[in-house]
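J.:
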Amino acid sequence: MSIRIPSASLDSRGFILCIIFFMSFPGTILAQEVTLDSILIFKTHEWFSTKPIVYFRCKGENKTMFPDVKSTNVSYSFNGQESWQPLTKLKGTKCKICGIYEEDTFRYDTYNEWELCPSDFTSEGRYTHAKAKDFNATFLCHGCSQLGAGLNQHFGTEKEEEARGMHPAIVVLIVVLVLGVVAVGLLAGYKNRQKKKRQQVQARFLKLFEYGDEMEDELGLEDTL
37 MSIRIPSASL
47 DSRGFILCII
57 FFMSFPGTIL
67 AQEVTLDSIL
77 IFKTHEWFST
87 KPIVYFRCKG
97 ENKTMFPDVK
107 STNVSYSFNG
117 QESWQPLTKL
127 KGTKCKICGI
137 YEEDTFRYDT
147 YNEWELCPSD
157 FTSEGRYTHA
167 KAKDFNATFL
177 CHGCSQLGAG
187 LNQHFGTEKE
197 EEARGMHPAI
207 VVLIVVLVLG
217 VVAVGLLAGY
227 KNRQKKKRQQ
237 VQARFLKLFE
247 YGDEMEDELG
257 LEDTL
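Take 37 as the starting number for the sequence shown in my numbering and just add one per residue.
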């Protein structure tokens, strides 16, 4: 008698598995929002104005203006609830090419352009990026904290293991190769033993046939006599 599992229980199991997956791999699918926590502009590149027009932009995305940043050498702090926040969203462990720029009268100047990654953020979800004599900015990532901490811990463990000795991947590869050689040797030995057994059996059959022929010859001679 077969037992049928109700579909409702299967749905609940699937829901629980999804929750476990998201808890085990935070930030692998959901996007993490990056906001600006604070910024300090040291100088402006504009020739005709002392008020910088600063904005943030990632490659392939729209630029986000900083309307509150109006003076140099002034530290501006934000709560992340401004209308122009968040600056961008990071998906999983994927990085983006982003930068802070200044809009001038005839062109735009790049304060700095860099690769923004979830692993840059600390366990508190904070990341500070600075360029000497240009700016100092602190970013927050809502959802990158566990992911960034995990990646940094993973990379740190790899570096420690490399410093201690052989990389685990090389050890695993050597073990697999050794096991493969042993398996091939055992298989070759088994086939050789089977071949010898077949040869012995064939030799016995040939001896039996030869003995039978001799007996027939002897019986034929006796009948003749």
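For each residue, glycine too, the CB sits at the ideal point set by N, CA and C. The structure displayed is predicted, hence computed values, not measured ones.
1. Secondary structure at residue 95, three-state DSSP: helix, strand or coil?
2. Among 246, 136, 81, which residue has its Cα nearest to the Cα of residue 172?
3. Beta-carbon separation of residue 106 and residue 67 under 7 Å?
4. Out of curiosity, what's the CA-to-CA distance linking residue 267 and residue 207?
5. Is the beta carbon of residue 78 sitting closer than 7 Å to the one on residue 170?
6. Quick one: grab the DSSP three-state call for residue 223.
7. What is the rounded straight-line gap between the Cα of residue 210 and the Cα of residue 230?
8. Please report how far the alpha carbon of residue 108 lies from the alpha carbon of residue 129, in whole angstroms.
9. In the DSSP assignment, find the unbroken beta strand (DSSP E) run with residue 113 in it and report its ends.
10. Report, in whole angstroms, the separation of the C-beta atoms of residue 131 and residue 153, which I expect to be a contact under 8 Å.
11. Look at the alpha carbon of residue 101 and the alpha carbon of residue 90, and state the distance between them as a whole number of angstroms.
T.: According to the data block:
1. If DSSP states are grouped into helix, strand and coil, residue 95 belongs with coil.
2. Among 246, 136, 81, the Cα nearest to that of residue 172 belongs to 136.
3. Not a contact, by the Cβ cut-off of 7 Å.
4. For residue 267 there is no data in the structure shown, the boundaries of the chain being 37 and 261.
5. Yes, these two residues count as a Cβ contact at 7 Å.
6. In the structure shown, the three-state DSSP call for residue 223 is helix.
7. C-alpha separation (whole angstroms): 30 Å.
8. In this structure, the straight-line span from the alpha carbon of residue 108 to that of residue 129 is close to 34 Å.
9. Residue 113: member of the beta strand (DSSP E) spanning 111 to 113, first to last residue.
10. The distance from the Cβ of residue 131 to that of residue 153 is about 4 Å, consistent with a contact at the 8 Å cut-off.
11. For residue 101 and residue 90, the distance between alpha carbons rounds to 6 Å.
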